[in-house]
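One structure is given below, encoded as structure tokens.
Number of protein chains: 2
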Amino acid sequence: MALIKKERKPKPDASTTRIQDPEGTRRNILEIASKEFALNGLSGARIDEIAARTRFSKRMIYYYFGDKEGLYLRALENAYRQVREGEAQLDIEGLPPVAALTRLVEFTFDHHHRHEEFIRMVMIENIHHGQYLEQSDAIRELNVTAIDHISRIYSRGVEEGVFRPGLDAIELHWQVSALCFFNVSNRTTFSMIFGRDFGAPAQLERLKRNSVEMLLRFVAKDEAPAER
Amino acid sequence: MALIKKERKPKPDASTTRIQDPEGTRRNILEIASKEFALNGLSGARIDEIAARTRFSKRMIYYYFGDKEGLYLRALENAYRQVREGEAQLDIEGLPPVAALTRLVEFTFDHHHRHEEFIRMVMIENIHHGQYLEQSDAIRELNVTAIDHISRIYSRGVEEGVFRPGLDAIELHWQVSALCFFNVSNRTTFSMIFGRDFGAPAQLERLKRNSVEMLLRFVAKDEAPAER
DNA sequence: TGTAGTGAACGAACCAGTTCGTACATAACT
DNA sequence: AGTTATGTACGAACTGGTTCGTTCACTACA
């Protein structure tokens with residue numbers, strides 16, 4: 110049988126000189142892909158859709174990222190990197206323990222709130238049982254320092270006698286994360302069910318204040334909590 | 110005009126009597142579908158896969174549920190119903206406020222832990238911006254009573270002078286939910302990142318105790334929390 | 001009591017649209 | 001010239017949904 114050769118368009122455009130910028134190409138693709146994955150999930154996102162939104166063709170995605178999962182993995186890493194880099198902004202050096210912890214919780218609350226895309230990626234990744242996070246050494250490396258702040262604050266608080274001893278820094282981090290993460294991750298359904306907008310500024314302030322207070326009261330030394 | 114009559118097979122088979130059981134059929138399909146959606150999400154789940162796992166053909170899914178989204182919606186409702194029904198088991202009548210709140214938090218913690226499928230459905234639904242929950246009056250109706258327990262416990266506690274006044278029952282519910290939900294929803298990534306199994310029984314006990322304590326300390330009347 | 005009619009329950013095969021991924025061609029840079 | 005970068009067209013497989021026809025239980029009536 111005869112091979113059918115396609116006619117090729119000989120000349121698409123010569124007016125604009127194509128500037129080669131592989132790094133820029135990667136960044137542009139990754140940026141768009143991150144949004145799409147965060148919005149639609151891994152299976153929900155469409156490679157063609159991502160390609161259409163970039164300045165490049167689908168071919169470029171495969172050229173630079175191999176396949177859909179490779180692209181997703183990079184988007185996941187990207188999300189973690191951005192957020193962890195942002196966390197480096199937090200400065201609590203020199204603050205006394207209570208003020209430092211307050212600042213940490215407030216910062217985390219706001220930070221999560223500002224990075225909904227990240228929250229969504231983490232949710233999606235949990236849906237996938239961490240299957241992709243598992244493949245990324247980069248992400249694990251990024252995160253080991255995530256408890257540094259709270260760990261130091263807590264130690265200092267215990268030393269100074271304002272925090273009770275015996276608590277675990279990772280568990281404290283867990284508690285802070287839970288309160289701040291949930292605020293973003295479950296806002297939609299929670300608001301719908303209780304008919305109240307949990308994203309409203311005044312409401313957010315209250316939730317933030319509550320979260321701070323919960324942590325402060327939890328670590329506070331003074332007297333024991335009510336007996337059960 | 111001539112009526113076209115269908116040929117009828119007079120007597121084909123008498124060995125296996127087909128038992129018509131529409132309710133059973135629906136239940137079987139819904140049960141399998143719930144698992145598949147919770148596992149793979151809306152776009153990730155495959156109708157053919159669901160059909161293959163049921164005792165029926167794909168045709169029946171469309172016969173009973175219309176389309177994929179209809180099936181998903183039913184699965185979502187099903188998840189909420191099951192969990193809310195389970196919550197009705199909680200009996201705190203007669204307990205003093207502190208004991209009641211302790212029991213409530215412990216119960217919620219365990220209940221969420223036991224219903225991972227539900228947690229996953231809620232996550233998935235949040236990824237979809239609550240698009241399907243929005244369509245379900247049934248779910249909203251189910252949930253309005255969700256804060257009854259905590260609301261009554263809190264009022265009683267304030268009356269009896271053991272809880273501080275001025276707090277909001279829905280926000281308390283929010284806090285309990287955050288702690289208990291996060292424990293299931295983010296366990297995978299959290300465990301991976303910090304290299305500790307947050308699903309281990311001893312660890313779960315600690316987290317549960319922490320959660321209870323956080324709530325108790327938060328509502329406790331006595332003296333003010335550390336000033337910041 | 002037998003039988004024709006009826007509608008609900010069900011299955012196999014199919015269809016049309018979608019989606020990931022690739023082959024081929026070509027332009028730009030070194 | 002050779003390597004890198006890029007676009008276009010396209011195919012194979014998949015997937016949601018439909019069509020057509022069959023099976024079965026039951027009812028009305030001869």
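Going line by line, the protein sequences match chains A and B.
Sequential numbering of the first sequence, starting at 110, is according to my numbering.
Sequential numbering of the second sequence, starting at 110, is according to my numbering.
Ideal placement from N, C-alpha and C gives every residue a C-beta, glycine not left out.
Residue from the options with nearest C-alpha to residue i
i                           : options                                : result
glutamate 243 (chain A)     : A:Tyr181, A:Lys144, A:Asp157           : A:Tyr181
aspartate 156 (chain A)     : A:Asn137, A:Lys177, A:Ala147           : It should be pointed out that residue 156 (chain A) corresponds to isoleucine in this sequence rather than to aspartate. Minimum Cα distance to isoleucine 156 (chain A) is reached at A:Lys177.
arginine 318 (chain B)      : B:Ala329, B:Leu288, B:Ser294, B:Asp331 : B:Leu288
glutamine 240 (chain A)     : A:Leu185, A:Leu325, A:Thr297           : A:Leu185
histidine 238 (chain B)     : A:His237, A:Glu250, A:Glu225, A:Ser152 : A:Glu225
valine 285 (chain A)        : A:Glu202, A:Ala311, A:Asp277, A:Val214 : A:Val214
isoleucine 279 (chain A)    : A:Thr134, A:Ile259, A:Gly203, A:Ile233 : A:Ile259
arginine 135 (chain A)      : A:Ile170, A:Ala161, A:Leu276           : A:Ile170
threonine 298 (chain A)     : B:Phe290, B:Phe303, B:Arg223           : B:Phe290
methionine 223 (chain A)    : A:Ala209, A:Met232, A:Ile138, A:Gly195 : Correcting the residue type first, residue 223 (chain A) is arginine in the shown sequence and not methionine. Of the candidates A:Ala209, A:Met232, A:Ile138, A:Gly195, the one whose C-alpha sits nearest the C-alpha of arginine 223 (chain A) is A:Gly195.
proline 131 (chain A)       : A:Ala161, A:Arg162, A:Phe174           : A:Phe174
methionine 232 (chain B)    : B:Val293, B:Ala209, B:Leu316           : B:Val293
phenylalanine 303 (chain B) : A:Ala311, A:Lys167, A:Asp277, A:Gly308 : A:Asp277
arginine 273 (chain A)      : A:Arg305, A:Glu314, A:Leu325, A:Ala311 : A:Leu325
leucine 204 (chain A)       : A:Glu269, A:Ser166, A:Gly179, A:Glu314 : A:Glu269
glycine 275 (chain B)       : A:Gly275, A:Arg315, A:Leu199, A:Arg168 : A:Arg315
8 angstroms contact criterion, which residue i and residue j should meet: CB distance rounded
i                        : j                           : result
methionine 323 (chain A) : phenylalanine 327 (chain B) : 5 angstroms
isoleucine 159 (chain B) : glutamate 145 (chain B)     : 5 angstroms
arginine 183 (chain B)   : leucine 251 (chain B)       : Rounded, the Cβ-Cβ distance is 14 angstroms, inconsistent with contact.
Beta-carbon spacing of residue i, residue j below 7 angstroms
i                           : j                           : result
serine 143 (chain A)        : phenylalanine 218 (chain A) : no
arginine 229 (chain A)      : alanine 147 (chain A)       : yes
proline 206 (chain A)       : isoleucine 248 (chain A)    : no
asparagine 235 (chain B)    : asparagine 295 (chain A)    : yes
histidine 221 (chain B)     : isoleucine 256 (chain B)    : no
phenylalanine 216 (chain A) : valine 192 (chain A)        : no
serine 245 (chain A)        : glycine 153 (chain B)       : no
arginine 162 (chain A)      : asparagine 137 (chain A)    : no
lysine 330 (chain A)        : valine 271 (chain A)        : yes
alanine 209 (chain B)       : isoleucine 201 (chain B)    : yes
For this session: Quick one: which residues of the segment 148 to 168 of chain A get their C-beta closer than 7 angstroms to a C-beta of chain B? List them in chain order.
Result: Within the segment 148 to 168 of chain A, the residues whose Cβ lies closer than 7 angstroms to some Cβ of chain B are Gly150, Ser152, Gly153, listed in chain order.
Item to complete: Below 7 angstroms between beta carbons is the criterion; list the residues of the segment 176 to 202 of chain A that meet it against any residue of chain B, in chain order.
Response: Against chain B - using a Cβ distance shorter than 7 angstroms - the segment 176 to 202 of chain A contributes no residues.
| said: Runs of 4 residues minimum, wholly inside the segment 183 to 229 of chain B: which ones carry the alpha helix (DSSP H) assignment? | reply: 206 to 223, all fully within the segment 183 to 229 of chain B.
Chain A contacts made by the segment 209 to 235 of chain B, where a contact means CB separation under 9 angstroms: Within the segment 209 to 235 of chain B, the residues whose Cβ lies closer than 9 angstroms to some Cβ of chain A are Leu210, Thr211, Arg212, Arg229, Val231, Met232, Ile233, Glu234, Asn235, listed in chain order.
Practice task
Could you name the residues of the segment 240 to 254 of chain B whose beta carbon sits closer than 7 angstroms to any beta carbon of chain A, in the order they occur along the chain?
Solution key: Per Cβ criterion, the list reads Leu242, Glu243, Arg249, Asn252.
If you scan the segment 240 to 281 of chain A from start to end, which runs of the alpha helix (DSSP H) of 4 or more residues do you find wholly inside it? Listed in chain order, they are 246 to 252, 257 to 268.
- Query: Which runs of the alpha helix (DSSP H) spanning at least 4 residues fall entirely within the segment 290 to 320 of chain A, listed in chain order?
  - Reply: You should have 296 to 303.
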